[in-house]
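Working notes, beginning with the structure itself.
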Amino acid sequence: MTPAISLPRLRADIEALSVFGRNPDGQGISRFCWSPPHEEARAWLLARMKEAGLTTRVDAAGNVFGRLGQGGPTVMTGSHIDTVPNGGPLDGALGVLAGLECLRTVREAGVKTRRPLTLAAWSDEEGRYGGLFGSRCFTGRIDPKQIPAIRAIDGDRLVDAMTRAGFDALAAPTARCDPKTLAAYVELHIEQGPHLEAASIPIGVVEGIVGIRRYRLTFLGEPDHAGATPMERRKDSFLAAADYALRARDHVVRKGSGRSVTNFGHVEVAPGVSNIVPARTLLLQEMRERDPRVLARLDRECLALARAVARRRKCRVRIERLSRTLSVRCAPRVMRAVEQACAALGLRHRQMPSAAGHDAQNLAHVTDSGMLFIPSMGGRSHRPDERSHWKDIERGGNVLLHTLLALAR
Ligand code: GLV
Ligand code: MN
Ligand code: MN
């Protein structure tokens, strides 16, 4: 008989991890990779892994691993313990802690698997210093020459953040794995959208993950007197940026695939006072889409639009590409294992794409990689009130357990 996870134990772990980086208002969690709360959470996680009888290791990119069993290629699971600013308790944490609970359950039940099982907590998934950093290093998808230039939006350099946490950023690419040591990767995550809950389906079997492109657009105008300069003479960089944001959104909605999305998540206006016309406006934009051809076309069209809008508004625009994550298809072997686990547990499931980015998409370049989702209450995520029903968390944990055992058999 296949064992079952302990929900009380998993719940206690989720609640314990959620304390690290909890905001003073007691609501959201801000646990950025390499920050003191993150490093305290890392130490806590390593202690929990050791207690569970796992052999632990932290690599040069700050990825945390806990292994059960020896020899041969390993079946991996995991996610991340960093959060977005003012985030919730489940994004990333669920996949890591449910993975820990699965390995603990396997060990306690004395179940022997042919392949070892490894739990991973990947560094900086949320991308304060550039998305999916740890899994990019692990899968060899980082250009070492770019590391000194990587900065957070507030200017903090990755090399400094890693130094403060006791790591050498320049050594991070040495975390690159040998794909021959991997047998498969499967990640449990909350859906972060509304579809599973709306359809009353407890498990989503992820069939592919979106591609994401991120840009920094700096619109440049002139800093004139906000009272004395006639309106028609102004070169207002904020108006150019705002005009572009509205038009780009409309373009992506009308000319994308129907599922294409875009977001402007950060705006900076300089000099930033009421009596000077904005001379410089910075926008952070991202676009997401499953079909790489559609994404490449939207990329070209939006950047051309930015230049055209800037010209029309008598401004200029500087465009910097920040990151480019490729869309991937999940491995049929992993999807089948998840579906069979659902069947064994009598749970309804549905294949669905992931509109969020995940470390599983980097792992897909080195091994058979897949994911399963559980419903998010109200579709809410990346916000303090991100929740899933505990029953759904338990179901997801047990599907993950059955899937890992099937892949490691
Ligand atoms: C990860 O949270 C993402 O931005 O998709
Ligand atoms: Mn996540
Ligand atoms: Mn996230």
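Residue numbers (the working numbering): 42 to 450.
Backbone N, C-alpha and C define an ideal beta-carbon position, used for all residues, glycine too.
Is residue i near ligand 2 - that is, is its Cβ less than 6 Å away from at least one heavy atom of it?
i: residue 306; result: no
Below 6 Å, is the gap between the Cβ of residue i and the nearest heavy atom of ligand 4?
i: residue 132; result: Ligand 4 is absent from the structure shown, which contains only ligand 1, ligand 2 and ligand 3.
In terms of DSSP beta bridges, what is residue i paired with?
i: residue 260; result: 322, 358
i: residue 249; result: 370, 394
i: residue 304; result: 327
i: residue 128; result: 70
With respect to the alpha helix (DSSP H) encompassing residue i, which residues constitute its N-terminal and C-terminal limits?
i: residue 116; result: Residue 116 -> not in any alpha helix (DSSP H); beta strand (DSSP E) instead, spanning 115-120.
i: residue 179; result: 174-179
i: residue 142; result: 134-150
i: residue 273; result: Per DSSP, residue 273 belongs to no alpha helix (DSSP H) and is neither H nor E.
i: residue 285; result: 278-296
i: residue 203; result: 199-205
i: residue 84; result: 77-92
i: residue 223; result: Counting along the chain, residue 223 falls outside any alpha helix (DSSP H), though it belongs to the beta strand (DSSP E) covering 223-231.
Taking a contact to mean a Cβ-Cβ separation below 7 Å, would you say residue i touches residue j in this structure?
i: residue 245; j: residue 393; result: yes
i: residue 139; j: residue 223; result: no
i: residue 113; j: residue 156; result: yes
i: residue 331; j: residue 251; result: yes
i: residue 403; j: residue 173; result: yes
i: residue 382; j: residue 443; result: yes
i: residue 305; j: residue 278; result: no
i: residue 226; j: residue 368; result: no
i: residue 130; j: residue 420; result: no
i: residue 144; j: residue 135; result: no
i: residue 377; j: residue 242; result: no
i: residue 262; j: residue 212; result: no
i: residue 183; j: residue 210; result: no
i: residue 361; j: residue 257; result: yes
i: residue 70; j: residue 62; result: yes
Just to check, is the beta-carbon of residue i closer than 6 Å to a non-hydrogen atom of ligand 3?
i: residue 167; result: yes
Within the present structure, is the beta-carbon of residue i separated from the nearest heavy atom of ligand 1 by less than 6 Å?
i: residue 19; result: With the chain running from 42 to 450 in the structure shown, residue 19 is simply not present.
i: residue 397; result: yes
Exposed or buried, residue i, counting other C-beta atoms within 10 Å across all chains shown (16 or more means buried)?
i: residue 341; result: exposed
i: residue 221; result: exposed
i: residue 439; result: buried
i: residue 92; result: exposed
i: residue 203; result: buried
i: residue 64; result: exposed
i: residue 287; result: exposed
i: residue 426; result: exposed
i: residue 291; result: exposed
Which residue marks the beginning of the beta strand (DSSP E) containing residue i, and which one marks its end?
i: residue 60; result: First-last for residue 60: undefined, no H or E at that position.
i: residue 415; result: 410-415
i: residue 107; result: 105-109
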